[in-house]
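First the structure, in the form of structure tokens, and then the observations on it.
Spelled out as structure tokens, the structure:
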């Protein structure tokens, strides 16, 4: 029997980020409007595999999902000395812009989830003219902490187990069991301290309160979609954030949690398809 | 009848429900802890050894110590145990975030075996909900 081979291809790009070369792994499928997808903290680009395999979307979009350095198949840079990984707002922004420039993408759409949703807001604040549209999933300018991140990286507690267990409640109960387990598996596989390092951006360095009013959605449309079961970045957090951004479009997604694209791809599709269709129509008009 | 009575009746089922779940016992095989679980109206001293509940008595027992305590309001447990809980009432930590539950004491055993406790305390959900 001939194997079913999925359409996405994976490659490595050598990307200069702030003077250091990083070997970035990315997967892509389709052609058309470039759509760069950002994974959640502590995970990797496998979260986007259903989108990458969607024939309807890839007819009009070149969908690209990359692993942040230290995540998935993007190793730490060669000059890493083993010191603690820590993601900052500046570094995250540099990484996305450097990756898009390295692939010579023409005004891409960027869609990010969780920390990816937060950084999308920062892209909208500081670099809107570089993007065709921005989509923030589980995005807010700030949200109240609900656990001590010190638990995520200590030698006497299994990092993968506690990382996965902490976020397991962010998956909506309606999500298919196999998609739930696959979503959590990535958390079990993350490198030591990487999830915690990502949350430095989320909890400490990336508080965007007071800055989002500067977003100009006439320069770059902004779409914010949040799952009703996400109690980390709750719908209220997203609605509050959007209320201060003229023109931002908000959708609360039923039966979804913090990982919509991987925890329940079919349900997510119902919400993201109209957004991608709108962007496509604006592009062609 | 106190609000906590149906909740307590459901808690009393926990040892039997756990005994039916070999995989959960296996996951907790390195867990030995004395903890306080239950509602804000009625707690239980729960002894866990090698992932099994070996003792469970209503609190308070005078001068009995516990390592950590997780207690939620009766309303929170009732919502948590619904077959399809509403958003915000579906996870132990969503309950603590919203102030409907407290987690106190030395929580290291709880965090080390976090998914075990989440699954243990959700067992009534799959067993028909609250008694």
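Chains as they are written, first to last, in this note's numbering: chain B, 1 to 285; chain R, 1001 to 1131.
From the three backbone atoms N, C-alpha and C, an ideal C-beta is built for every residue, glycine too.
- Message: Using a 10 Å radius around the Cβ and a threshold of 16 neighbouring Cβ atoms, would you call residue 9 of chain B buried or exposed?
- Response: As a working mapping, residue 9 of chain B is identified with position 9 in the first chain. Result: exposed.
- DSSP state of residue 1094 of chain R mapped onto helix, strand, coil: For the purposes of this step, residue 1094 of chain R is taken as the residue at position 94 of the second chain. Correct three-state label for residue 1094 of chain R: helix.
- Query: Which one of R:1083, R:1018 and R:1094 has the shortest CA to CA distance from residue 170 of chain B?
  - Reply: Along the first chain, one-based indexing puts residue 170 of chain B at 170. Nearest neighbour of residue 170 of chain B by Cα position, chosen from R:1083, R:1018 and R:1094, turns out to be R:1094.
- Query: Which residues in the same chain as residue 1059 of chain R place their Cβ atom closer than 8 Å to its Cβ, once the five residues preceding and following it in sequence are excluded?
  - Reply: Position 59 of the second chain, counting from 1, holds the residue named residue 1059 of chain R. Excluding residues within five positions, the ones whose Cβ falls inside 8 Å are 1036, 1038, 1042, 1043, 1044 and 1045.
- C-beta contact flag for residue 1124 of chain R and residue 1054 of chain R at 8 Å: The residue given as residue 1124 of chain R occupies position 124 in the second chain. The residue given as residue 1054 of chain R occupies position 54 in the second chain. The answer is no: Cβ separation not under 8 Å.
- Query: Is any beta-carbon of chain B found at less than 8 Å from that of residue 1042 of chain R?
  - Reply: Position 42 of the second chain, counted from the first residue, corresponds to residue 1042 of chain R. Chain B contact via Cβ: absent.
- Partners in chain B for residue 1087 of chain R, counting only beta-carbon separations shorter than 7 Å: Taking the first residue of the second chain as position 1, residue 1087 of chain R is located at position 87. Near residue 1087 of chain R (Cβ distances below 7 Å), the residues of chain B are 228 and 229.
- Item | is_contact[residue 1018 of chain R, chain B] using C-beta, thresh 8 Å | Taking the second chain and counting its residues from 1, one reaches residue 1018 of chain R at position 18. So, not an interface residue.
- Message: Comparing C-alpha positions only, which one of B:254, B:163 and B:23 sits nearest to residue 80 of chain B?
- Response: Along the first chain, read from residue 1 onward, the residue named residue 80 of chain B stands at position 80. That would be B:23, whose Cα lies nearest to the Cα of residue 80 of chain B.
- Item | Exposure label - residue 343 of chain B; buried when at least 16 CB within 10 Å | The question about residue 343 of chain B has no answer, for chain B in this structure spans 1 to 285.
- Task: Taking the CB atoms as reference points, tell me whether residue 226 of chain B and residue 245 of chain B lie closer together than 8 Å.
- Result: On the first chain, position 226 is the one that residue 226 of chain B refers to. On the first chain, position 245 is the one that residue 245 of chain B refers to. No; because the gap between Cβ atoms is not below 8 Å, this pair is not in contact.
- So which residues of chain R does residue 168 of chain B contact, with C-beta pairs closer than 7 Å? Here residue 168 of chain B corresponds to residue number 168 of the first chain, with the count starting at 1. What residue 168 of chain B touches in chain R: 1115 and 1118.
- Query: With a cut-off of 8 Å, does the C-beta of residue 1021 of chain R fall near any C-beta of chain B?
  - Reply: The sequence position of residue 1021 of chain R within the second chain is 21, counting from 1. Judged by the 8 Å Cβ criterion, residue 1021 of chain R is not in contact with chain B.
- Query: Of the choices B:44, B:75 and B:146, whose alpha-carbon is the least far from that of residue 14 of chain B?
  - Reply: Start at 1 with the first residue of the first chain, and residue 14 of chain B comes out as number 14. Among B:44, B:75 and B:146, the Cα nearest to that of residue 14 of chain B is on B:75.
- Can you grab the Cα-Cα spacing for the pair residue 191 of chain B / residue 82 of chain B, in whole Å? Within the first chain, numbered from 1, the residue matching residue 191 of chain B stands at position 191. Within the first chain, numbered from 1, the residue matching residue 82 of chain B stands at position 82. Going from the Cα of residue 191 of chain B to the Cα of residue 82 of chain B covers about 12 Å.
- With 16 other CB atoms within 10 Å as the buried threshold, where does residue 267 of chain B fall? Position 267 of the first chain, counted from the start, is the residue given in the question as residue 267 of chain B. Classification for residue 267 of chain B: buried.
- Touch test, the segment 256 to 267 of chain B against the segment 160 to 170 of chain B, Cβ-Cβ under 8 Å, three pairs minimum: Note that the segment 256 to 267 of chain B touches the segment 160 to 170 of chain B; at least 3 beta-carbon pairs, one per stretch, sit closer than 8 Å.
- Task: Please specify which runs of the beta strand (DSSP E), each continuous and at least 3 residues long, are wholly inside the segment 128 to 178 of chain B, giving them in chain order.
- Result: Listed in chain order, the complete beta strand (DSSP E) runs (minimum 3 residues) inside the segment 128 to 178 of chain B are 133 to 137.
- Does DSSP classify residue 18 of chain B as helix, strand or coil? Translated into positions along the first chain, residue 18 of chain B becomes position 18. In the structure shown, the three-state DSSP call for residue 18 of chain B is coil.
- Item | Beta-carbon proximity check, residue 160 of chain B vs residue 188 of chain B, cutoff 8 Å | Within the first chain, the letter at position 160 stands for residue 160 of chain B. Within the first chain, the letter at position 188 stands for residue 188 of chain B. Yes; because the gap between Cβ atoms is below 8 Å, this pair is in contact.
- According to the neighbour-count rule (16 or more other Cβ atoms, all chains shown, within 10 Å of its Cβ), is residue 243 of chain B buried or exposed? Here residue 243 of chain B refers to the residue found at position 243 of the first chain. The residue in question, residue 243 of chain B, is exposed, as its Cβ has fewer than 16 Cβ neighbours within 10 Å.
- Message: Please report the straight-line C-alpha distance between residue 104 of chain B and residue 162 of chain B, rounded to a whole angstrom.
- Response: Sequence index remark: in the first chain, residue 104 of chain B carries index 104 (1-based). Sequence index remark: in the first chain, residue 162 of chain B carries index 162 (1-based). Between residue 104 of chain B and residue 162 of chain B, the C-alpha separation is close to 39 Å.
- Closer than 8 Å, Cβ to any Cβ of chain R: which residues of the segment 162 to 191 of chain B, in chain order? Near chain R, meaning a CB-to-CB distance below 8 Å, the residues of the segment 162 to 191 of chain B are 162, 164, 165, 166, 168, 169, 170, 172, 173 and 174.
- Interface partners of residue 1024 of chain R on chain B, CB under 9 Å: Taking the first residue of the second chain as position 1, residue 1024 of chain R is located at position 24. Around residue 1024 of chain R, no beta-carbon contact reaches into chain B at under 9 Å, the shortest distance being about 13 Å.
- Query: So is residue 949 of chain R buried or exposed if we call it buried at 16+ other beta carbons inside 10 Å?
  - Reply: The first residue shown for chain R is 1001 and the last is 1131, placing residue 949 of chain R beyond what the model contains.
- Span separating the alpha-carbon of residue 101 of chain B from that of residue 204 of chain B: Residue numbering aside, residue 101 of chain B sits at position 101 when the first chain is read from its first letter. Residue numbering aside, residue 204 of chain B sits at position 204 when the first chain is read from its first letter. When rounded, the separation of the alpha-carbon atoms in residue 101 of chain B and residue 204 of chain B is 28 Å.
- Member of B:283, B:186, B:228 and B:284 whose CA lies at the smallest distance from the CA of residue 71 of chain B: Position 71 of the first chain, counted from the first residue, corresponds to residue 71 of chain B. Comparing Cα positions, the closest option is B:186.
- Task: Compare the C-beta of residue 1091 of chain R with all C-beta atoms of chain B and state if any pair is closer than 8 Å.
- Result: Mapped onto the second chain, residue 1091 of chain R falls at position 91. Yes, contact with chain B.
- Residue interval of the beta strand (DSSP E) (run including residue 64 of chain B): For the purposes of this step, residue 64 of chain B is identified with residue 64 of the first chain, where counting begins at 1. 61 to 66 is the span of the beta strand (DSSP E), which, as asked, contains residue 64 of chain B.
- Query: Is there at least one Cβ from chain R nearer than 8 Å to residue 61 of chain B's Cβ?
  - Reply: Your numbering for residue 61 of chain B matches position 61 in the first chain. Not one beta carbon of chain R lies nearer than 8 Å to the beta carbon of residue 61 of chain B.
- Item | Sub-8 Å separation of residue 34 of chain B and residue 120 of chain B beta-carbons | In the first chain, the residue the question calls residue 34 of chain B occupies position 34. In the first chain, the residue the question calls residue 120 of chain B occupies position 120. Not closer than 8 Å, so no.
- Starting from residue 119 of chain B and walking both ways along the alpha helix (DSSP H), at which residues does that stretch end? As a working mapping, residue 119 of chain B is identified with position 119 in the first chain. The continuous alpha helix (DSSP H) containing residue 119 of chain B extends over residues 115 to 126.
- Do you know how far the Cα of residue 155 of chain B is from the Cα of residue 1031 of chain R? Taking the first residue of the second chain as 1, we reach residue 1031 of chain R at position 31. Taking the first residue of the first chain as 1, we reach residue 155 of chain B at position 155. Rounded to whole angstroms, residue 1031 of chain R and residue 155 of chain B show a C-alpha spacing of 17 Å.
- Item | From R:1112, R:1109, R:1091 and R:1103, residue whose alpha carbon lies closest to that of residue 1118 of chain R | Mapped onto the second chain, residue 1118 of chain R falls at position 118. Per the C-alpha coordinates, the member of R:1112, R:1109, R:1091 and R:1103 positioned closest to residue 1118 of chain R is R:1091.
- Task: Since I believe residue 1089 of chain R is in contact with residue 1079 of chain R (beta carbons under 8 Å), could you give me their beta-carbon distance rounded to a whole number of angstroms?
- Result: Counting from one through the second chain, the residue named residue 1079 of chain R turns up at place 79. Counting from one through the second chain, the residue named residue 1089 of chain R turns up at place 89. Going by Cβ atoms, the distance from residue 1079 of chain R to residue 1089 of chain R rounds to 4 Å, so yes, they are a contact pair.
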